[in-house]
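Following: one structure in structure tokens, then a few remarks.
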Amino acid sequence: MFAFLLILVGCRMTYWLFLFVRLALHRQATDETKVNLPLSLVVAVKNNTEGIQQLVQKIQKQNHENWEMVIVSDGEDEGLKAFIADSAHPKIRLLISDGQGKKHAIAQGVAAAVNNWVLVTDSDCLPSSLRYFDTMAASLKSPKTQIVLGYAPLRPKGSFISRLAGYEASYIAMQYLSYALAGIPYMGVGRNMLFDRALYLKNRQSLLDNGLLSGDDDMFVQAAANAENTAICTHPYTHCVSDAPQSLTTWFRQRQRQNTTVSFYRLHHKILLGAFAALHLGVYFTMLLGLVIGQLSLGQIVAVWLMMIGLMSALQYPIFRKLNASGNLLLTPLADVFLAGFYTALAFKLNPQKQYPWK
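Take the sequence shown: its position 81, counted from the start at 1, is 81 in our numbering, and no numbers get skipped.
Okay, structure coming up:
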């Protein structure tokens, strides 16, 4: 059984050694000629006027000349209308969607955008710098690039659960950014993504007709991204930060909603991601089972676990530094054990047919 455990750990570590190492070694290339590229920022909002007020204040101060902000409210919001009317900024527009959810609101906003390049973020996110527009635009280093995947960290606030959620946000980013560098883009986050408006509109109808209320970010990447047209941006100037969930229940429900798109992924994405999750759980299940039935000693388990965590931490260190999340590295030993159980619970509760209305 010890040999079997070593095989599982070895297979799991291949993801770090051959896939995630790409992000560890990645150096962000930029094209400074694109810095002043005209951009449209599209934000969907529902019952969050306060968040929009904070975001607008940050956007108005951006060190970028050629921009507009299209805010789409999912349903009538008198408070938001009053705020936009009072601000009277010529580059900020408010649209009212018909209450069909975030996906339709984003689609309406992108269709109404006047610029060829569109940034999307959420109403509860704030760019980490005043160079957000400039730096994202400069990431379009290749004429073939049509999608730039950004990073949106979760800021822990108080509870230990929020710290674990913050760690997982970095852990998930490590995966989708590394896959994109390997030419296998499978998802992005709607809190921070730049794309060609024409490419989105080409795929718009299929996104609206897939039966999902949300998940338009993942499904857009699934439909339109490929090895040639997708780039990433990890520069700290471009991080879009939001608060981490405070309770395990809130976090779990948030992840349930996000996981509704997984069943729509391409087959090779499902295989790669499924194998990664199975190896994660398999390692800890084998350790526990081996200890219970007496096939593994505590010393063997501790030795293998320390070796595995040490290798993970060594490769995650440069990655988390890029993501301005070095503090999360200290959580790796505990978080790795916790996430094995957390992801197992999510898998058992996964219901692709269930819809989670946007609130």
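Ideal Cβ placement from N, Cα and C applies to all residues, glycine included. Computed from a predicted model, the values in this text were never measured in an experiment.
Proximity of residue i and residue j at Cβ, strictly below 8 Å
i      : j      : result
Asp243 : Leu154 : yes
Val70  : Val42  : yes
Ile106 : Ala44  : yes
Thr332 : Met312 : yes
Val110 : Tyr200 : yes
Asn192 : Thr121 : yes
Ala180 : Leu149 : yes
Leu6   : Val241 : no
Tyr176 : Gln222 : no
Ile92  : Val118 : no
Gly188 : Thr260 : no
Trp67  : Phe18  : no
Ile161 : Gln54  : no
Asn48  : Ser128 : no
Ala138 : Glu32  : yes
Phe4   : Met174 : no
Tyr317 : His239 : no
Tyr284 : Ala225 : no
Arg12  : Leu279 : yes
Ala347 : Tyr167 : no
Lys34  : Leu126 : no
Leu212 : Asn115 : no
Phe2   : Leu288 : no
Leu323 : Trp16  : no
Tyr343 : Ala275 : no
Helix, strand or coil at residue i according to DSSP, with G and I counted as helix
i      : result
Asp98  : coil
Arg204 : helix
Met69  : strand
Ile293 : coil
Ser326 : helix
Ile92  : strand
Ala227 : coil
Pro127 : strand
Ala165 : helix
Asp134 : helix
Asp218 : helix
Val56  : helix
Val189 : coil
Val337 : helix
Leu140 : coil
Thr145 : coil
Leu212 : coil
Asp86  : helix
Val114 : coil
Contacts around residue i, its chain only, beta-carbon distance under 7 Å, and the 5 residues preceding and following it disregarded
i      : result
Leu298 : Leu291
Phe320 : Ser170, Ser326, Asn328, Leu329
Lys349 : Gln256
Gly99  : Asp74, Gly75
Gln60  : His89
Ile96  : Ser73, Glu76
Ser206 : Ala223
Neighbourhood of residue i by C-beta, 8 Å cutoff - its chain only, sequence neighbours within 5 removed
i      : result
Leu208 : Lys103, His104, Ala107
Ala345 : Phe252
Glu65  : Asn36
Gln254 : Pro245
Ile184 : Ala227, His268, His269, Leu272
Ser159 : Gln246, Ser247
Phe338 : Leu164
Ile172 : none
Residues of its chain near residue i, where Cβ-Cβ distance is below 6 Å and the 5 sequence neighbours each way are ignored
i      : result
His394 : Residue numbering for the chain in the displayed model covers 1 to 359; residue 394 lies beyond these limits and cannot be assessed.
His269 : Tyr186
Ile232 : Leu149, Leu177, Ala180
Arg163 : Pro156
Asp218 : Met187, Thr261
Gln300 : Phe2
Thr230 : Ile147, Ala180, Pro185
Arg131 : Asn63, Tyr237
Leu194 : Leu119, Met136, Val148
Gly190 : Val120, Asp217
Ile84  : Leu94
Gly282 : Leu8
Closer than 8 Å to chain D by CB, residue i
i     : result
Val21 : Among the chains of the structure shown, chain D does not appear; only one protein chain is present.
Any non-hydrogen atom of the ligand ATP within 7 Å of residue i CB
i      : result
Ala111 : Because no ligand of any kind appears in the structure shown, any question about the ligand ATP cannot be addressed here.
Discussion item. For a minimum of 3 consecutive residues, which ranges assigned as the beta strand (DSSP E) are wholly contained in the segment 230-312?
Written reply: 230-232, 240-243
Worksheet item: Can we say the segment 134-149 touches the segment 73-82, given the rule of at least three CB pairs closer than 8 Å?
Response: no
Discussion item. Which runs of the alpha helix (DSSP H) at least 4 residues long sit entirely within the segment 3-48? Give them in chain order.
Written reply: 21-25
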